[in-house]
Amino acid sequence: MAAIRIERVTKVFDNKVTAVDDVSLEVGDGEFMVLVGPSGCGKSTLLRVIAGLEQVTRGRVLIGDDDVTGLDPADRDVAMVFQSYALYPHKTVRENLAFGLRRRRVASDEIRRRVDAMADMLGLGVLLDRKPAALSGGQRQRVAMGRALVREPRTFLMDEPLSNLDAKLRTSMRGELARLHELLPTTTVYVTHDQIEAMTLGQRVAVLKDGRIQQCDAPQRLFDEPANLFVGAFIGSPAMNLVEATVAGGLVRFGQQEIQLEGVAPGLEGDVVLGIRPTSLSLPEPHVNAAWPRMSARIDIVEALGAERNVLFTVDAPPVTTEDVRAATGDAGGSDEGRLLADDRRARFTARIHGQHPIVAGDTIELAIDPSQLHLFERGSGAALAWRRSAGLERRERV
Amino acid sequence: MRERALPFSPWHLLLAPAAILFALPFAWMVLSSFMSNAQINHFPPTIIPDSLHVVGWDHVLRRATFPSWFVNSMIVASVTVVSNLVFCSLAGYAFARLRFRGSSLLFALIIATLIIPFQLTMIPTFIVMERLNLVDTLAALIIPGLVTPLGVFLMRQFFVSLPREVEEAARIDGCSRLGVLLHVAIPLARPALATLAALTFLISWNDLLWPVIAINSDETFTLPLGLTTFQGQHTQDWAAVMAGNVITAVPVVVAFLLAQRTFIESLTSSAVKG
């Protein structure tokens, strides 16, 4: 096991595309680090740089105390799980598992022992003599994991290992992966575009966009305190509601709505982007603080999910369509894609409420807004505004 | 389930006559080799002879140099096949996966040579062989065909189609470039290698034009060259020619059957992958 240190790494491809742009990142010994971001953000390239499958243009990569920047993948002692599994089609499961050990001249008794132990652990025993073509998707995935694990490398690199599985299998494999890391706490870098995977698996999550790390933090902090508009819009499902607003005299205004900002830092005035999580909007029920500001909403769509419902409604204020937001929502069904009528220039909001409430489309309801959970971002740069005098403290009291 | 009208696939109605059509010349060749020249030259031609003769076989097998022609052909074809498998794989893999200065230009040049007919290069090639003092040796037949542009192209196209991730997995598992080629790319390339082997064997085995130019002495002849000696300017020993043809054709049929098994294996295995 070993820590990974990436020092100011830049990767420019031959076609002048900068995939990774001056990235520095430290992954602790035994840490599970997730790289997440929309497609083309450079997360896979960064992983391949660590693996040695891509050479850096500038910067250094260290694994443990060794500078591995110029080393071949074979000499880095890393194991990688690919999205397509990349099993050797001409070799049996046993040979697939043993291949890396054999190349490293491990004694054949030892190879047999380790392959058998791994097959037991992953339930591959009966499949050992089959070729990959005769395995199901989930079985191939397990073999690919086994091939990486059996080597007992210093670090694991995983490139969207679950994305070829169907939804149910993916959920159960996600849990298995988390358990596996508890069992064998090897330093792991895991690439995904699926934020649920990122949030549930990562001890820390690095959010990337355009080859740069936007924020690297514990999953809950990413959700609670996004560093900028992109992270705010990217993390969380359903996505954060975003609307153009103005701040004046301790009030934030959008459309007809006014919300008193609790304990706002003095001097914060002007145009902002307001972000409200769907979970920060609730029905005004007895347990909800009576002092919370209210907004009325005419429901357009109700998505019943069983235990919960998403209610969608429009707000009479302009939506936020900056590049940050489009990039963040691009592959998750963005705010633009959710819009049926192109000339409807109003922001669309989602509120998540519990599943029992009898709401149908067309109803007008009142929603309470948790004022401590508001996010303000700068209009131009998209940087988060620390509008509270004691940022973060209030929030934790409530949790 | 609907009852099938025919006990076999309807395709067979088309394929069976085609197969007979293609097999007919071979059958006729074998039959003719057991006829006398009088029977062969008879008009209208007899397809099923009323009596069998071995005069053709007798002529061929009595010829002292015939076994050495067979051995010569075998040496030339085998060496050419092996060297093509080695060199075309190496070159094809390099063009498919390695990036080096001028690689696309070099590949384009190699492909461009495919359009130059052999008739244009045979005299320069002969001059080169003469300078090397190789004329009238088997080396003169082997060296020009050690690696062929068609083979390089074939192998390169196959390697390009291999999933890159499998090779990357092998590199991470501890293989060098050569290791990836030997342990992953070559084993996966078996169908392409079988095609290349069959093709090279066929071309080398059947070649007549170049041996006619490069070989003079009877004992260095290859089979196709030797067969021409049964056809004089004024006489045609058809029975001997046909017997010689049968002997010549057998290794080609065997080579094809060997390669065919790999073709079919590769077809069925890729079908299962899905």
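Chains F and E, in that order, are what the protein sequence lines are.
Counting in the working numbering, the first sequence runs from 631 upward without gaps.
Counting in the working numbering, the second sequence runs from 275 upward without gaps.
Think of the CB as a built atom: it goes at the ideal place given N, C-alpha and C, for glycine as much as any other residue.
Residue nearest to residue i in terms of C-alpha spacing, selected from the options
i        : options                                   : result
F:Ala709 : F:Arg732, F:Ala747, F:Met775 and F:Gly672 : F:Met775
E:Ser450 : F:Leu1004, F:Leu683 and F:Phe943          : F:Leu683
E:Phe300 : E:Glu442, E:Asn519, E:Leu462 and E:Ala338 : E:Asn519
E:Phe344 : E:Leu415, E:Thr496, E:Ile446 and E:Trp512 : E:Thr496
E:Thr354 : E:Leu455, E:Leu379, E:Gly425 and E:Ile489 : E:Gly425
E:Leu415 : E:Pro485, E:Thr536 and E:Ile294           : E:Pro485
F:Leu676 : F:Leu787, F:Lys646, F:Phe729 and F:Leu727 : F:Leu787
E:Leu452 : F:Ile636, F:Ala704, F:Phe884 and F:Thr785 : F:Ala704
F:Ser714 : E:Ser342, E:Arg438 and E:Leu380           : E:Arg438
F:Arg924 : F:Thr876, F:Pro1001 and F:Ser867          : F:Pro1001
F:Met829 : F:Arg851, F:Ile999 and F:Gly689           : F:Arg851
F:Ile636 : F:Arg688, F:Asp796 and F:His720           : F:Arg688
E:Gly448 : F:Asp651, F:Arg956, F:Val882 and F:Asp707 : F:Asp707
E:Ile487 : E:Thr395, E:Ile521 and E:Val454           : E:Thr395
CB contact check: residue i to chain F, cutoff 8 angstroms
i        : result
E:Ser435 : no
E:Arg535 : no
E:Val549 : This structure cannot settle anything about residue 549 of chain E, because the visible part of chain E is limited to 275 through 548.
E:Ile446 : yes
E:Gly518 : no
E:Ile322 : no
E:Ser378 : no
E:Pro461 : yes
E:Lys547 : Note that E:Lys547 scores a pLDDT of 39, beneath 50, so its modelled location is shaky and nothing firm can be said.
E:Ala368 : no
E:Glu439 : yes
E:Val426 : no
E:Val458 : yes
E:Ser363 : no
E:Ala443 : yes
Contact check, residue i vs residue j, beta carbons under 8 angstroms
i        : j        : result
F:Val698 : F:Leu692 : yes
F:Arg976 : F:Thr944 : yes
E:Thr399 : E:Pro418 : yes
E:Asn346 : E:Thr494 : yes
E:Ala459 : E:Leu436 : yes
F:Arg939 : F:Ile906 : no
F:Val918 : F:Ile929 : no
F:Arg781 : F:Leu792 : no
F:Asn871 : F:Phe979 : yes
E:Ala463 : E:Phe432 : yes
F:Ile983 : F:Ser912 : yes
F:Lys839 : F:Phe853 : no
E:Phe381 : E:Leu420 : no
F:Pro783 : F:Pro719 : no
E:Met429 : E:Ser325 : no
Min CB distance residue i to chain E below 8 angstroms
i         : result
F:Met748  : no
F:Ala649  : no
F:Met775  : no
F:Ser738  : no
F:His720  : yes
F:Ala716  : yes
F:Met870  : no
F:Leu898  : no
F:Gly963  : No answer about F:Gly963 holds up, because its pLDDT of 45 lies below 50 and its placement is not dependable.
F:Val708  : yes
F:Gly767  : no
F:Leu683  : yes
F:Asp966  : Its pLDDT being 48, under 50, F:Asp966 is placed unreliably in this model, and the value from its coordinates should be taken loosely. No - not a single Cβ of chain E is within 8 angstroms of the one on F:Asp966.
F:Arg1009 : no
Nearest-angstrom Cβ-Cβ length linking residue i and residue j, presumed shorter than 8 angstroms
i        : j         : result
F:Pro856 : F:Ile865  : 6 angstroms
F:Val819 : F:Val657  : 6 angstroms
F:Gly755 : F:Ala749  : 5 angstroms
F:Gly832 : F:Pro849  : 6 angstroms
E:Gly330 : E:Ala523  : Not a contact, Cβ separation roughly 14 angstroms.
F:Ser674 : F:Val821  : 6 angstroms
F:Val837 : F:Ala947  : Wrong, their Cβ atoms sit about 27 angstroms apart, outside the cutoff.
E:His327 : E:Met309  : 6 angstroms
F:Thr817 : F:Ala1013 : Actually they do not touch by this definition, with Cβ atoms about 31 angstroms apart.
F:Leu898 : F:Leu799  : Their Cβ separation, rounded to whole angstroms, is 48 angstroms, which puts F:Leu898 and F:Leu799 out of contact at 8 angstroms.
F:Leu997 : F:Ala934  : At roughly 18 angstroms, the Cβ-Cβ gap does not stay under 8 angstroms, so F:Leu997 and F:Ala934 are not in contact.
E:Ile489 : E:Leu482  : Not quite, the Cβ-Cβ distance comes to about 11 angstroms (not below 8 angstroms), so this is no contact.
Any non-hydrogen atom of the ligand ZN within 7 angstroms of residue i CB
i        : result
F:Pro856 : What this structure holds is no ligand at all, so the ligand ZN is not there to describe.
Per the contact definition of three or more C-beta pairs closer than 8 angstroms, is the segment 357 to 374 of chain E in contact with the segment 502 to 511 of chain E?
no
Under 8 angstroms, with one C-beta from each stretch per pair, do the segment 901 to 920 of chain F and the segment 991 to 1010 of chain F reach the 3-pair mark?
yes
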